[in-house]
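S.K.:
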Amino acid sequence: MQITRIGETGVELSELGIGTAPHGGLYSVVTEEMAVGSVHAALKAGYNYIDTAPLYGYGQSEMFLSTALADVPRDSYVLSTKVGRVLDPISAQEAEARDEPFFLNPAQNTFHWDLSRDGIRRSLEDSLTRLKIDRVDVLYIHMFPEFYDDVLATSYPAVRELREEGLVGAIGIGIDFVEPLVKFIRDDADFDLFMLAGRYTLLETSALPELLPLCEEAGIYLTLAGPYNSGILTAGLDDEIGPGAKYTYQDAPPEIIDRARRIKAVCDRYRVPLRAAALQFGTAHPAVAATVPGARNREEALDNAAMIDLATPADMWNELKAEGLIPTGAPTPPSA
């Protein structure tokens with residue numbers, strides 16, 4: 001599996017990572033056994049990169065990871081987590097009463113935003129406690145576009161300080177939006193990499209015209225979260241894409257379902273599962289270091305590994321471009 005070194009940080013990422021938002025119960029309940037099995041399968045299959053965040057199940061993902069990684073040599077994997085949200089414990093009654101739409105097996109916590117220096121440090125310290133480790137390799141600031149000014153003025157100096165102190169290896173931003181990342185580059189923020197969710201996929205390529213070329217020029221790598229766009233791109237050869245398919249955390253609108261079906265029809269003609277095309281499309285760009293799909297269990301982790309290595313013919317990619325389903329200027333995997 002291809003490995004990319006992130007600048008001068010010493011961090012080296014496998015092109016396939018495992019995302020652990022599902023371990024917090026995203027869309028369906030995940031047990032500790034399932035979560036641990038997915039991580040162990042991923043590491044055995046050759047991944048070295050694991051991504052988590054306090055948000056994922058309000059700490060549950062990180063706590064499951066502490067079990068999964070307890071007997072794994074620390075230097076054998078690369079771990080990223082995120083700061084920006086600080087978790088606060090709540091009572092069992094409060095946990096029972098909350099209406100949580102996304103995470104179905106959350107820990108007994110809630111969160112508040114804190115982008116200050118103290119908040120950044122507390123968030124990292126709390127994550128290390130939940131993970132039961134003494135360092136993380138990559139630290140992302142989890143943010144929304146409206147926080148840009150506060151992040152640039154306060155959070156960015158705080159994570160840069162952590163990097164200078166050797167408490168983290170590489171620093172970045174984790175976000176679902178392209179425009180703030182373009183602004184960070186133009187404002188000369190010294191980030192090592194960005195995690196971008198759902199904005200450079202088979203269905204959404206808004207990162208291609210400006211962000212990706214700027215990343216190449218600046219020497220900033222991207223890691224791609226959400227390469228399946230919340231699930232719509234996971235369909236197998238014998239599956240149908242219909243109403244209820246998820247796209248960016250919601251039910252996909254009819255026009256997205258239609259586009260996904262058209263992409264799938266091309267892939268089907270070449271007997272390539274749609275999810276293989278989804279993973280390989282992102283990593284074909286030279287600015288992309290890794291793609292990081294979620295995996296609820298051992299089977300999903302192993303399937304992701306099989307899909308990233310599956311041979312995909314050049315004719316398939318050429319047909320997708322000829323039919324206007326992916327941009328003509330988008331890099332595609334080399335012919336097997």
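When we follow the working numbering, the leftmost residue of the sequence shown carries the number 1, and every step to the right adds one.
In this text, a Cβ means the ideal position worked out from N, Cα and C, and glycines have one as well.
Nothing here was measured: the structure is a model prediction, and the numbers come from that model.
The beta strand (DSSP E) spanning phenylalanine 194 covers which residue range?
M.R.: First-last of the beta strand (DSSP E) with phenylalanine 194: 193-197.
S.K.: For valine 288 versus leucine 224, is the C-beta distance shorter than 8 Å?
M.R.: Contact: yes.
S.K.: Would you kindly work out how many angstroms separate the C-alpha atoms of aspartate 75 and asparagine 229, rounded to a whole number?
M.R.: If I take the Cα positions, the gap works out to 31 Å.
S.K.: Just reading off the alpha helix (DSSP H) that threonine 129 is part of, what are its end residues?
M.R.: Residues 117-131.
S.K.: What's the gap between the Cα of leucine 325 and the Cα of lysine 132?
M.R.: Near 45 Å, if we compare the C-alpha coordinates of lysine 132 and leucine 325.
S.K.: Under the three-state reduction of DSSP, which class applies to leucine 16: helix, strand or coil?
M.R.: Looking at leucine 16 - three-state DSSP - the assignment turns out to be strand.
S.K.: Are the beta-carbon atoms of glycine 59 and methionine 143 separated by less than 8 Å?
M.R.: No, these two residues do not count as a Cβ contact at 8 Å.
S.K.: So, at 7 Å on beta carbons, what are the nonlocal neighbours of alanine 235 in its own chain, with the 5 sequence-adjacent residues on each side left out?
M.R.: Same-chain partners within the cutoff: Ile241, Lys264 and Leu274.
S.K.: From glycine 17 to alanine 107, what distance separates their C-alpha atoms?
M.R.: Roughly 24 Å separates the two Cα atoms.
S.K.: Note down, one range per segment and in chain order, each alpha helix (DSSP H) of at least 4 residues found wholly within the region 61-118.
M.R.: If we require 4 residues or more, the alpha helix (DSSP H) runs fully inside the region 61-118 come out as 92-97.
S.K.: Under three-state DSSP, which class holds threonine 9?
M.R.: Coil at threonine 9, not helix or strand.
S.K.: Rounded to the nearest angstrom, how far is the Cβ of leucine 87 from that of isoleucine 50, given a contact under 8 Å?
M.R.: So it is not a contact: roughly 19 Å between Cβ atoms.
S.K.: Is the CB-CB distance between threonine 154 and arginine 117 below 8 Å?
M.R.: Yes, Cβ-Cβ distance for threonine 154 and arginine 117 is below 8 Å.
S.K.: Give the DSSP-derived three-state secondary structure of aspartate 190 in the structure shown.
M.R.: Correct three-state label for aspartate 190: coil.
S.K.: Quick check on the DSSP output: the alpha helix (DSSP H) that includes aspartate 303 runs from which residue to which?
M.R.: 298-309 is the extent of the alpha helix (DSSP H) around aspartate 303.
S.K.: Would you mind giving the Cβ-Cβ distance between threonine 201 and glycine 329, rounded to the nearest angstrom? I have them listed as a contact below 8 Å.
M.R.: Contact doesn't hold; Cβ gap of about 16 Å is too wide.
S.K.: Find the nearest neighbour of glutamate 94 within the set Asn109, Asn105 and Pro101, judged by alpha-carbon distance.
M.R.: Cα-wise, what sits closest to glutamate 94 is Asn109.
S.K.: Leaving out five residues before and five after glutamate 12 in sequence, what residues of the same chain have Cβ atoms less than 6 Å from its Cβ?
M.R.: The residues are Ile3 and Arg5.
S.K.: Return the first residue and the last residue of the beta strand (DSSP E) that aspartate 51 is part of.
M.R.: Note, aspartate 51: beta strand (DSSP E), 49-51.
S.K.: Looking at the unbroken beta strand (DSSP E) that takes in leucine 289, where does it start and where does it end?
M.R.: For clarity, residue 289 is alanine in the given sequence; the question names leucine instead. Where alanine 289 is concerned, the enclosing beta strand (DSSP E) stretches over 288-292.
S.K.: Compare the C-beta of alanine 290 against all C-beta atoms of chain B and say whether one is closer than 8 Å.
M.R.: Judged by its chain identifiers, the structure shown contains no chain B, having just a single protein chain.
S.K.: For proline 403, which residues of its own chain have a beta-carbon under 8 Å away from its beta-carbon, when the five flanking residues on both sides are left out?
M.R.: In the structure displayed, the chain extends from 1 to 336; residue 403 sits before or after that span and is not available.
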